[in-house]
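Working notes for the structure below.
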Amino acid sequence: MNKNNHKIFITRNLPERGLNLLYQNFGDENIKIYEGETPIPYEELLQEVSGIDALLCLLTDKIDAQIMEQAGPQLKIIANYAVGFDNIDIAEATRRKIIVTNTPGVLTETTADLAWALLMASARRLGEGERLVRASQWAGWNPTLLLGMDVHGKTLGIFGMGRIGQAVARRALGFNMRIIYYDINEPKLSPDIKATRVDKETLLKESDFISIHCPLTRATYHAFGIEEFKKMKRTACIINTSRGPVIHEEALVQALNEGLIFSAGLDVFEKEPEIHPDLLNCPNAVLIPHLGSASVETRSRMAEIAAKNIIARLNGQIPPNAVNPEVL
Ligand code: DGY
Numbered sequence: 135m136n137k138n139n140h141k142i143f144i145t146r147n148l149p150e151r152g153l154n155l156l157y158q159n160f161g162d163e164n165i166k167i168y169e170g171e172t173p174i175p176y177e178e179l180l181q182e183v184s185g186i187d188a189l190l191c192l193l194t195d196k197i198d199a200q201i202m203e204q205a206g207p208q209l210k211i212i213a214n215y216a217v218g219f220d221n222i223d224i225a226e227a228t229r230r231k232i233i234v235t236n237t238p239g240v241l242t243e244t245t246a247d248l249a250w251a252l253l254m255a256s257a258r259r260l261g262e263g264e265r266l267v268r269a270s271q272w273a274g275w276n277p278t279l280l281l282g283m284d285v286h287g288k289t290l291g292i293f294g295m296g297r298i299g300q301a302v303a304r305r306a307l308g309f310n311m312r313i314i315y316y317d318i319n320e321p322k323l324s325p326d327i328k329a330t331r332v333d334k335e336t337l338l339k340e341s342d343f344i345s346i347h348c349p350l351t352r353a354t355y356h357a358f359g360i361e362e363f364k365k366m367k368r369t370a371c372i373i374n375t376s377r378g379p380v381i382h383e384e385a386l387v388q389a390l391n392e393g394l395i396f397s398a399g400l401d402v403f404e405k406e407p408e409i410h411p412d413l414l415n416c417p418n419a420v421l422i423p424h425l426g427s428a429s430v431e432t433r434s435r436m437a438e439i440a441a442k443n444i445i446a447r448l449n450g451q452i453p454p455n456a457v458n459p460e461v462l
C-alpha cells in the first residue's frame, strides 16, 4: 500500500483493469482522474499536475517542459497510454530524471488488423460502396460499378518495419504478396517473414500498397509529400495508422484529386481531430478516427501496462516499458 501517499493524476477515464490496480496500490484518495470526454485543456492540466508523483496521460496531451516544471521535482514518471510518445518532450523529461513509459507490444496485432482493414477498404472502395448503398443510390449490379484494385499477388511496401510493420507483413503472406520495406535501421525480422529491404525510392516506385508504421520524428515528419506521391504508381494505395504528420495532408489531397495515386486509408491526421477540409471531399480516401488500438481487449491491456509502469516506478523498481531508461 501507498505509505508515501504518492499522488497520481490521470488525464482521462481508462478501462477498469488499469484503474483498479492503481486504486489497490495507492488508495482512491491519492488518485485524481479528469472526467471530461475530450482532451483536458492545457491550462487545466497545468493546474492539476502540481505536486503529483505520477502522470498517466494520453497521446492527445502535450507534455512539455512547462508541465514538468509545474508538476515539481517529485514527479517520477509520465506513463503514456499509447505506444507512440511524440506528445512528450523526452529530452526534457530525461534532463529532469523523469521516466517516460509507453505501452508497446499489446497493441501490435490490433493495430495491424486495422491497417489491414484500411488497406482492403481503400483497395476495394468500401467507403464509396457503403455511402452509395446508404444513400439508396444503388441501381443494381453493374459490370463497371466501383472497380477497385486487387490485393492478392501485389507488392506491399512497408515504411517502418518495427513490430507493427512486421505484423502487417505477416498478414500479407496470406494474400500471396511480395513484401518490400524501408527502414532506417536494419530490423531483426522474425523468420516467418519473407521481405526485402529497399531504399525509399524503390519502395515508392514498386509498391502497389504502402503502409506506414514509423514513429513520428524530425526525420519522418512529412516523409510523404508531393514529390513522393509523384513517384508512386497511379494505381497505388497509401495507408497510415502511425501518426498523421508523416503525410503532408495537402499534398495527399492533390495526389488523390489529380489521380497521382488510387486511394488512401487513413486512421491518423496532421491536426487531429481536425481534418483538411478538402480531404473530407475526396471520395477515394477512407477516413477513420484514430482507432488503431481501439479494441476492448487491447485498450484494457494498455491501461494495465500503464498502471504497472507507475506501480513499479513509485515502488522504486524499474518500470518494464521505459523509453528513456538512461534516467535510471
Ligand atoms: C498508439 O498507441 O500510439 C496508438 O496510436 C493509439 O491508438
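Take the sequence shown: its position 130, counting from 1, is numbered 264 in the working numbering, and each next residue is one higher. In this text, a Cβ means the ideal position worked out from N, Cα and C, and glycines have one as well.
Query: Coarse secondary structure for Leu266, derived from DSSP in three states; Result: helix
Query: Ala216 beta carbon near the ligand DGY (any heavy atom closer than 7 angstroms); Result: yes
Query: The region 145 to 156 contacting the region 376 to 392, beta-carbon criterion three pairs below 8 angstroms; Result: no
Query: Near the ligand DGY: Leu190 beta-carbon under 7 angstroms from a heavy atom; Result: no
Query: Heavy atom of the ligand DGY within 7 angstroms of Leu252 beta-carbon; Result: no
Query: Spatial neighbours of Glu169 in its chain, beta-carbon cut-off 6 angstroms, leaving aside the 5 residues before and after; Result: none
Query: Between the CA atoms of Ile360 and Pro417 - distance to the nearest angstrom; Result: 19 angstroms
Query: Reference Leu179; option with closest CA among Met283, Phe160, Ala199; Result: Ala199
Query: Same chain, Cβ closer than 7 angstroms to Ala249, five either side skipped, listed in chain order; Result: Val302, Ser345, Ile373, Thr375
Query: Paired residues, beta bridge with Val240 - DSSP; Result: Val240 pairs with nothing; no bridge assigned.
Query: Nearest candidate by alpha-carbon position, reference Leu190, set Pro423, Ala370, Thr235, Pro349; Result: Thr235
Query: Near the ligand DGY: Gly504 beta-carbon under 7 angstroms from a heavy atom; Result: A query on residue 504 cannot be resolved here, the shown segment of the chain reaching from 135 to 462 and no further.
Query: Lys231 and Gly185 closer than 8 angstroms at C-beta; Result: no
Query: Ala419 to Ala269 span [Cα, whole Å]; Result: 18 angstroms
Query: Residue range of the alpha helix (DSSP H) that includes Ile298; Result: 297 to 307
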